[in-house]
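First residue of the sequence shown: 600, per this note's numbering; consecutive thereafter.
Even glycine gets a Cβ: it sits at the ideal position worked out from N, Cα and C.
Predicted model only: the values in this text are computed from it and were never measured.
Take a look at the structure set out below.
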Amino acid sequence: MGEQPIFVVQQHAASTMHFDFRLEVDGVLASWAVPKGPSTDPRVKRLAVQVEDHSLGYRDFEGVIGERSYGAGAVIVWDTGTYENLSGDESMAAGLERGHVSVRLHGEKLRGGYTLQRTDTGRRPRWLLIKRRDEEADARRNPVSTEPRSVLSGRTVEEVAAEAGR
Ligand code: MN
């Protein structure tokens with residue numbers, strides 16, 4: 600068996616604050632913008648708008664995207680780790696095409712199963728990101744609020760923005 604694929608969640612203070620949820624699939628980062636960020640409560644469905652794939656090199660990007668660029672604003676690596684495809688014999692690529700994938704995350708903040716279910720197609724397909732019911736589910740945790748710091752640098756997205764003199 601080869602190395603496990605990685606996931607990364609980047610907090611992005613663009614025109615509106617959001618979390619970019621990315622899964623390594625076939626050499627690129629399949630990506631979704633999650634306005635409210637991932638939940639650890641299986642009863643909560645979080646909107647995840649699929650956006651363009653990013654290159655794998657973006658996995659550890661932290662810093663400020665310049666004013667004139669799309670997505671201008673500060674970015675931190677809010678969580679990262681490896682993941683497993685839980686969808687039996689179906690490849691991640693096939694699952695993304697079908698509109699349903701299920702993964703087990705091995706991050707510092709996010710652990711256990713998550714499902715992504717597509718609800719709408721189009722240029723920017725809408726999906727729901729939902730915690731699966733397992734031993735890592737915890738309705739009392741709210742890491743988006745209580746664990747705001749980068750797992751790479753320990754900085755908050757506000758600190759990264761301030762250090763860049765914005
Ligand atoms: Mn973004």
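Residue i versus residue j: straight-line alpha-carbon distance, rounded
i      : j      : result
Glu734 : Glu707 : 15 Å
Pro724 : Glu762 : 35 Å
Gly662 : Ile675 : 7 Å
Val624 : Gln649 : 14 Å
Asp640 : Arg717 : 19 Å
Arg765 : Gly626 : With a pLDDT of 49 at Arg765, under the threshold of 50, the modelled position of this residue cannot be trusted; read the value that follows with caution. Looking at the two C-alpha atoms, the distance is approximately 34 Å.
Glu651 : Leu622 : 12 Å
Leu704 : Gly753 : 21 Å
heavy atom of the ligand MN below 7 Å from residue i C-beta
i      : result
Gly687 : no
Gly670 : yes
His611 : yes
8 Å Cβ cutoff, residue i in contact with chain B
i      : result
Asp640 : Note that chain B does not occur in the displayed structure, where there is just one protein chain.
Per-residue DSSP class, three states only, for residue i
i      : result
Gly711 : strand
Glu683 : strand
Gly764 : coil
Asp659 : helix
Other residues of its chain near residue i: CB distance less than 7 Å, five sequence neighbours each side excluded
i      : result
Glu746 : Lys708
Cβ-based neighbour list, residue i, same chain, cut-off 6 Å, excluding 5 preceding and 5 following
i      : result
Arg645 : Val633, Lys635, Ser638 and Leu728
Are the stretch 603-616 and the stretch 671-685 touching by the rule of at least three beta carbon pairs closer than 8 Å? yes
Are there three or more Cβ pairs, one per stretch, closer than 8 Å when the stretch 733-747 is compared with the stretch 655-670? no
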